[in-house]
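**Student:** My questions will all concern the structure given below.
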Ligand SMILES: NC(=O)c1ccc[n+]([C@@H]2O[C@H](COP(=O)([O-])OP(=O)(O)OC[C@H]3O[C@@H](n4cnc5c(N)ncnc54)[C@H](OP(=O)(O)O)[C@@H]3O)[C@@H](O)[C@H]2O)c1
């Protein structure tokens, strides 16, 4: 965000969207959490007051969930943004400029297992977004759940719910045939968790005419080609606090503790950065070079 100037209004500025920690104070009328509770929360891009690369954060209680004892605070901090990106893609309504594809969320009546027997295809299964999309797709009943990733991540992604992992180094042009060999059912739902022009095109080539696809970056597909195939593209933006996405965000946060406790939503693999907040710049450099199915966590209280 610093390099691209995203939401940078002035310098110096705080960044950071995800966090987990212990509640120190609650506002009037807050009943879902109390002082001393371990919690995680979803940040927002719009409000500079809720950036998380700092020791204390003010957060709207609607988007705070208790962390159950089977998950550490470090693990909890890996969850909010990429889980929101997965959830808003699959379950937010079809809307522009940002939205989803309007599936019924598993926490709503009739949502759990609703899409049983329907395949889903995810490009970038090992990204944080991909990992959470796999988990939600499983709760929604999708099967098979076919993803692309490095073969070294196969067992890990299968433990999250992926049924088939295709080597992401395979030429993208070969994906339609590889997917067809795995399921005779048409692929009506696809999620591109990378969002590059070439991965968007590869997803379009796999998804059946009339299907719905999602991308985490701006749509790079030809509008006429999309219209000819009757394909809808949702461009996801993971801010659960924005009024347009709030409804799905509220549902997610009301049910999140339960889903974490049941192991239905799992944290991402993580590494704690040394030096607290001072470890973040080096962590960002390592991210740029590329890490595999891994998130970095900084502990602000360890800053020198
Ligand atoms: N729209 C939004 O609101 C929003 C929110 C969050 C993130 N995003 C975007 O979503 C994307 C993913 O973010 P993230 O944080 O989830 O990613 P991430 O965890 O940093 O992604 C790392 C993973 O990307 C995978 N990868 C890289 N190139 C690939 C390829 N060609 N095919 C398949 N997998 C590939 C690697 O998989 P292997 O290790 O298996 O090789 C690696 O493990 C980014 O573009 C990010 O900017 C958007």
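Numbering (the numbering used here), first residue to last: 20 to 323.
Here a beta-carbon is modelled for each residue, glycine too, at the ideal position from N, C-alpha and C.
Just to confirm my understanding: we take residue 214, look at its own chain, exclude 5 residues before and 5 after, and list those with CB closer than 6 Å. What are they?
**Tutor:** As a working mapping, residue 214 is identified with position 195 in the chain shown. 234, 235 and 236, listed in sequence order.
**Student:** If you follow the beta strand (DSSP E) that residue 183 is in, where does it begin and where does it stop?
**Tutor:** Stepping through the chain shown from its first residue, residue 183 is reached at position 164. Element bounds for residue 183: 183-186.
**Student:** Could you please give the first and the last residue of the uninterrupted beta strand (DSSP E) stretch that includes residue 294?
**Tutor:** Numbered from its first residue, the chain shown carries residue 294 at position 275. Here residue 294 belongs to no beta strand (DSSP E), and DSSP marks it neither H nor E.
**Student:** In or out: residue 103 buried (at least 16 other Cβ within 10 Å) or exposed?
**Tutor:** For this step, residue 103 is matched to residue 84 along the chain shown. Buried.
**Student:** What did DSSP end up calling residue 320 once you bin it into helix, strand or coil?
**Tutor:** For this step, residue 320 is matched to residue 301 along the chain shown. Residue 320: helix per DSSP, three-state reduction.
**Student:** Hey, how far is the Cα of residue 32 from the Cα of residue 67?
**Tutor:** Along the chain shown, one-based indexing puts residue 32 at 13. Along the chain shown, one-based indexing puts residue 67 at 48. Their backbone Cα atoms lie some 8 Å apart in a straight line.
**Student:** Quick one: give me the first and last residue of the beta strand (DSSP E) that residue 38 is part of.
**Tutor:** On the chain shown, position 19 is the one that residue 38 refers to. Element bounds for residue 38: 37-41.
**Student:** In terms of residues, what are the limits of the beta strand (DSSP E) holding residue 60?
**Tutor:** In the chain shown, residue 60 corresponds to position 41, counting from 1. Counting along the chain, the beta strand (DSSP E) containing residue 60 begins and ends at 57-61.
**Student:** Find the nearest neighbour of residue 96 within the set 261, 317, 24 and 144, judged by alpha-carbon distance.
**Tutor:** Residue 96 sits at position 77 when you count from the first residue of the chain shown. Ranking 261, 317, 24 and 144 by Cα distance to residue 96 puts 317 first.
**Student:** Pop quiz: residue 222 and residue 211 are said to be a contact at Cβ under 8 Å. What is the actual Cβ separation, rounded to whole angstroms?
**Tutor:** For the purposes of this step, residue 222 is taken as the residue at position 203 of the chain shown. For the purposes of this step, residue 211 is taken as the residue at position 192 of the chain shown. About 5 Å; that satisfies the 8 Å criterion.
**Student:** So, at 8 Å on beta carbons, what are the nonlocal neighbours of residue 43 in its own chain, with the 5 sequence-adjacent residues on each side left out?
**Tutor:** Taking the chain shown and counting its residues from 1, one reaches residue 43 at position 24. The answer, listed in chain order, is 54 and 75.
**Student:** Assuming residue 322 and residue 295 make a contact with CB atoms under 8 Å, what is their CB distance in whole Å?
**Tutor:** Locating residue 322 in the chain shown gives position 303, counting from the first residue. Locating residue 295 in the chain shown gives position 276, counting from the first residue. Confirmed, about 3 Å.
**Student:** Out of 77, 26, 29 and 313, which one is the CA nearest neighbour of residue 175?
**Tutor:** Within the chain shown, residue 175 is the residue found at index 156, counting from 1. Taking only the C-alpha atoms, the option nearest residue 175 is 313.
**Student:** Could you please give the first and the last residue of the uninterrupted alpha helix (DSSP H) stretch that includes residue 153?
**Tutor:** Numbered from its first residue, the chain shown carries residue 153 at position 134. It spans 147-159 - the alpha helix (DSSP H) in which residue 153 sits, taken as one unbroken run.
**Student:** Nearest to residue 328 by alpha carbon, out of 164, 91 and 192?
**Tutor:** This structure does not reach residue 328, given that the chain is present from 20 up to 323, and the question cannot be answered.
**Student:** Does DSSP classify residue 254 as helix, strand or coil?
**Tutor:** Along the chain shown, one-based indexing puts residue 254 at 235. The answer is strand: DSSP assigns residue 254 an E or B state.
**Student:** By Cβ distance below 7 Å, which residues in the same chain neighbour residue 299 in space, the five residues on each side in sequence not counted?
**Tutor:** On the chain shown, residue 299 is found 280 positions in, with the first residue counted as 1. Counting only Cβ-Cβ distances below 7 Å, and skipping sequence neighbours, we find 72, 292 and 317.
**Student:** Thinking just about the alpha-carbon of each residue, which of 139, 271 and 84 is nearest to the one in residue 227?
**Tutor:** Residue 227 sits at position 208 when you count from the first residue of the chain shown. That would be 139, whose Cα lies nearest to the Cα of residue 227.
**Student:** Reducing DSSP to helix, strand and coil, say where residue 75 ends up.
**Tutor:** Counting from one through the chain shown, the residue named residue 75 turns up at place 56. Coil at residue 75, not helix or strand.
**Student:** Return the first residue and the last residue of the beta strand (DSSP E) that residue 166 is part of.
**Tutor:** Residue mapping note: residue 166 aligns to position 147 of the chain shown, counting from 1. 164-168 is the extent of the beta strand (DSSP E) around residue 166.
**Student:** Which class does residue 268 belong to by DSSP, given the choice of helix, strand or coil?
**Tutor:** If you number the chain shown from 1, residue 268 lands on position 249. Here residue 268 sits in helix by DSSP.
**Student:** What does a CB cutoff of less than 8 Å around residue 217 pick up in its chain, not counting 5 residues either side in sequence?
**Tutor:** Your numbering for residue 217 matches position 198 in the chain shown. Excluding sequence neighbours, residue 217 sits near 191.
**Student:** How many Å lie between residue 177 and residue 78 at the Cα?
**Tutor:** For this step, residue 177 is matched to residue 158 along the chain shown. For this step, residue 78 is matched to residue 59 along the chain shown. The alpha-carbon atoms of residue 177 and residue 78 are separated by roughly 34 Å.
**Student:** Should residue 167 be listed as close to ligand 1, given that the test is whether its C-beta is under 6 Å from any heavy atom?
**Tutor:** As a position in the chain shown, residue 167 is number 148, starting the count at 1. At least one heavy atom of ligand 1 is nearer than 6 Å to the Cβ of residue 167, so yes.
**Student:** Here's the rule I'm using: 16 or more other beta-carbon atoms within 10 Å means buried, otherwise exposed. How should residue 186 be labelled?
**Tutor:** Locating residue 186 in the chain shown gives position 167, counting from the first residue. Looking at its Cβ environment, which holds fewer than 16 other Cβ atoms inside 10 Å, residue 186 is exposed.
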